[in-house]
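Chemist: One structure, as structure tokens, below. Some questions next.
Number of protein chains: 2
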Amino acid sequence: MPQVRVAGFSVSADGYAAGPEQSLEHPLGKRGHEIFAWYFPTKTFRTMQGQAGGTEGVDDQYGARSMQGFGAFILGRNMFGPIRGPWTNEDWKGWWGGNPPYHAPTFVLTNHPRDPIVMEGGTVFHFVADGIRSALDQARAAAGDLDVKIGGGVATVRQYLEIGAVDEMHLAMSPVVLGRGEALFAGLDLSALGYAVTRSAAGERATHLVLTRQ
Amino acid sequence: MPQVRVAGFSVSADGYAAGPEQSLEHPLGKRGHEIFAWYFPTKTFRTMQGQAGGTEGVDDQYGARSMQGFGAFILGRNMFGPIRGPWTNEDWKGWWGGNPPYHAPTFVLTNHPRDPIVMEGGTVFHFVADGIRSALDQARAAAGDLDVKIGGGVATVRQYLEIGAVDEMHLAMSPVVLGRGEALFAGLDLSALGYAVTRSAAGERATHLVLTRQ
């Protein structure tokens, strides 16, 4: 049965899944790139970037798994871009250039409706203004037999965890402290929501934890 | 030069260093023992308990280091026992029985003065009612050329981190989520306080991080 998964979600040792002060210059917030330091050297990431080489160990295996098997994606508005409030024009088409890494229907949560954007490589951005459950229904329908990925950011992942919609969450715990940023765990009782760590693996540059809902 | 260290401090993936509802029955709070699951099978812990055998890998090395080289310890009142408020009698002498694992002067933070207690094996509990800086001064003097360990609990460690008194902190990050409990990181900006992860090692049952103050 298709699942709803969070995957490759990177978190600092002190629980931040993005740095503070996201901006055009800092898509992951200040110092946010440090929590992804495990991912950048992998063959999976380098291939996505059109580069040769890369590591092929545990980090790469988890990195590859975090992008495979998905028929649709859900992103929060801030993960799509730095613009807040109404769309002033249609110019912004995401952080990723003309050919985003999704290659599937991708549902962007927003309070401000906008026409879909067809990108190269199979990614179509759909803007969903009637709530997270509607976005999930649409993503499930679009994904068919494949999984739905909740891509982020932190607020979006937390909302789907809180309604029990996430079947599996892969966290890459990075050996770094950020001190400030978007806190993943604060006030979120994962145990009460039914989640437990069911797999743990030491990667080369992060510890990978897989949480499943019991 | 002698250092002030936090060591072997166990934290869940979601940042809890003790479970909720500490009591006589649950010294580490409910489910708190799960974050120490890396420690119990080690040769170091088993030897402390008078038992033979035990693992001798990375977890054991960090476990051993977390109890070596200290000339004095500082504990919060709750780490010493479950009693709150004034001492109603002198019966409670810590969680550890007649021969506690400290074997050195051990300074217990409290608002309620009490005479020192001489235990077997070199541990003497001193009760300090005039603040954390006084306790640190006394512990440093008692430790001489050896390090001072801030033993816990969470509130005590946070207070010493906030005043920049901790030179090094070894965290054992356990692959478990508690959902509730004593949060180590919430509202504590370790980066702003000068801390960074300077060593990371995959143990058999936990990831060991060493933070040092720059």
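Those protein sequence lines, which keep their order, are chains C and P. Each residue of the first sequence is one higher than the last, beginning at 1 in this note's numbering. Each residue of the second sequence is one higher than the last, beginning at 1001 in this note's numbering. All C-beta atoms, glycine included, are put in the ideal place defined by N, C-alpha and C. All of these numbers come straight from a predicted model, not from anything done at the bench.
Kindly give me the distance between the Cβ atoms of Gly179 (chain C) and Tyr62 (chain C), rounded to whole angstroms, as I take these residues to be in contact under 8 Å.
Modeler: Their Cβ separation, rounded to whole angstroms, is 26 Å, which puts Gly179 (chain C) and Tyr62 (chain C) out of contact at 8 Å.
Chemist: Alpha carbon to alpha carbon, how far is Glu1120 (chain P) from Thr42 (chain C)?
Modeler: So the two alpha carbons sit approximately 54 Å from each other.
Chemist: My parser needs the beta strand (DSSP E) runs of 3 or more residues fully inside the segment 1133-1163 of chain P; what are they?
Modeler: Here the runs fully enclosed are 1147-1152.
Chemist: Would you check if the segment 1051-1066 of chain P and the segment 1093-1113 of chain P touch, i.e. whether three or more CB-CB distances between them fall below 8 Å?
Modeler: Taking 8 Å as the limit for Cβ pairs, the verdict is that the segment 1051-1066 of chain P does not touch the segment 1093-1113 of chain P.
Chemist: Under 8 Å between the Cβ atoms of Gln214 (chain C) and Ala196 (chain C)?
Modeler: Cβ distance < 8 Å, so Gln214 (chain C) and Ala196 (chain C) count as in contact.
Chemist: Which class does Glu1021 (chain P) belong to by DSSP, given the choice of helix, strand or coil?
Modeler: Correct three-state label for Glu1021 (chain P): coil.
Chemist: Does the beta carbon of Pro175 (chain C) come closer than 8 Å to any beta carbon on chain A?
Modeler: Of the protein chains in this structure, namely C and P, none is chain A.
Chemist: Using the three-state DSSP reduction, which class does Arg5 (chain C) fall into: helix, strand or coil?
Modeler: Reduced to three states, the DSSP call for Arg5 (chain C) is strand.
Chemist: Does the CB of Arg158 (chain C) have a neighbour CB from chain P at under 8 Å?
Modeler: False, the Cβ-Cβ gap to chain P never drops below 8 Å.
Chemist: Got a sec? Which residues, its chain only, sit under 8 Å from Ser200 (chain C) by beta carbon, not counting five neighbours each side?
Modeler: So the qualifying residues of the chain are Thr207, His208, Leu209 and Val210.
Chemist: Of all Cβ atoms in chain P, is any one closer than 8 Å to the Cβ of Phe9 (chain C)?
Modeler: So, not an interface residue.
Chemist: Just to confirm my understanding: we take Thr123 (chain C), look at its own chain, exclude 5 residues before and 5 after, and list those with CB closer than 7 Å. What are they?
Modeler: Excluding positions up to five away in sequence, the list reads Pro100, Tyr102, His103, Ala104 and Thr106.
Chemist: Counting only Cβ pairs nearer than 8 Å, list the residues of chain C close to Ala944 (chain P).
Modeler: Shown here, chain P extends from 1001 to 1214; a query on residue 944 (chain P) therefore has no answer.
Chemist: Should Ser1023 (chain P) be flagged as near chain C, meaning a C-beta pair shorter than 8 Å?
Modeler: No, because no Cβ of chain C sits closer than 8 Å to the Cβ of Ser1023 (chain P).
Chemist: For chain P, check one thing: does any of its Cβ atoms lie closer than 8 Å to the Cβ of Arg140 (chain C)?
Modeler: No, because no Cβ of chain P sits closer than 8 Å to the Cβ of Arg140 (chain C).
Chemist: What's the call for Glu56 (chain C), buried or exposed, on a 16-neighbour Cβ count within 10 Å?
Modeler: Burial call: exposed.
Chemist: When you check each C-beta in the segment 58-90 of chain C against every C-beta of chain P, which residues fall closer than 7 Å?
Modeler: Hits within the stretch: zero.
Chemist: Whole angstroms are fine: how far does the CA of Gly151 (chain C) sit from the CA of Thr1044 (chain P)?
Modeler: Cα to Cα, the separation comes out at about 42 Å.
Chemist: Which two residues bound the contiguous beta strand (DSSP E) that contains Gly179 (chain C)?
Modeler: Per DSSP, Gly179 (chain C) belongs to no beta strand (DSSP E) and is neither H nor E.
Chemist: Are at least three pairs of beta-carbons, each pair with one atom in the segment 10-29 of chain C and one in the segment 174-190 of chain C, less than 8 Å apart?
Modeler: Touching, yes.
Chemist: In or out: Ser174 (chain C) buried (at least 16 other Cβ within 10 Å) or exposed?
Modeler: Buried, since its Cβ has 16 or more Cβ neighbours within 10 Å.
Chemist: How big is the Cα-Cα spacing for Asn1089 (chain P) and Val1011 (chain P)?
Modeler: Each residue's Cα considered, the two are about 33 Å apart.
Chemist: Going along the chain, which unbroken runs of the beta strand (DSSP E) with 3 or more residues stay wholly within the segment 1049-1125 of chain P?
Modeler: Here the runs fully enclosed are 1070-1075 and 1105-1109.
Chemist: How is the beta strand (DSSP E) around Leu1285 (chain P) delimited, first residue to last?
Modeler: Only positions 1001 to 1214 of chain P appear in this structure, which leaves residue 1285 (chain P) out of reach.
Chemist: So with CB distances below 9 Å, who are the chain P contacts of Tyr195 (chain C)?
Modeler: Under the 9 Å cutoff, chain P gives Val1177 and Gly1179.
Chemist: I'd like the span of the beta strand (DSSP E) that includes Arg1205 (chain P), first residue to last.
Modeler: It is not in any beta strand (DSSP E) - Arg1205 (chain P) carries neither H nor E in the DSSP assignment.
Chemist: Would Val1118 (chain P) be called buried (16 or more neighbouring beta carbons within 10 Å of its own) or exposed?
Modeler: Val1118 (chain P) is exposed by the Cβ-count criterion.
Chemist: When we look at the beta-carbon of Asn78 (chain C) and count the other beta-carbons within 10 Å, is it buried (16 or more) or exposed?
Modeler: Label assigned to Asn78 (chain C): buried.
Chemist: Indicate the three-state DSSP secondary structure (helix, strand or coil) for Arg1046 (chain P) in the structure shown.
Modeler: Three-state DSSP puts Arg1046 (chain P) in a helix.
Chemist: Distance cutoff 8 Å, beta carbons only. Does Asp1189 (chain P) sit that close to anything in chain C?
Modeler: Yes, Asp1189 (chain P) lies at the interface with chain C (some Cβ there is under 8 Å from its Cβ).
Chemist: Is the beta carbon of Ser134 (chain C) less than 8 Å from the beta carbon of Pro82 (chain C)?
Modeler: It is not a contact, given that the beta carbons lie outside the stated cut-off.
Chemist: Just to check my reading of the structure: Gly1029 (chain P) and Ser1066 (chain P) have Cβ atoms closer than 8 Å, yes? What is that Cβ distance to the nearest angstrom?
Modeler: The Cβ separation is near 20 Å, so there is no contact.
Chemist: DSSP three-state call for Phe1127 (chain P): helix, strand or coil?
Modeler: It is a strand residue.
Chemist: Can a CB atom of chain C be found closer than 8 Å to the CB of Leu1211 (chain P)?
Modeler: Answer yes: the Cβ-Cβ gap between Leu1211 (chain P) and chain C drops below 8 Å somewhere.
Chemist: For Leu1170 (chain P), does the three-state DSSP call read helix, strand or coil?
Modeler: The question names Leu, but residue 1170 (chain P) is His in the sequence shown. Of the three classes helix, strand and coil, the one that applies to His1170 (chain P) here is strand, per DSSP.
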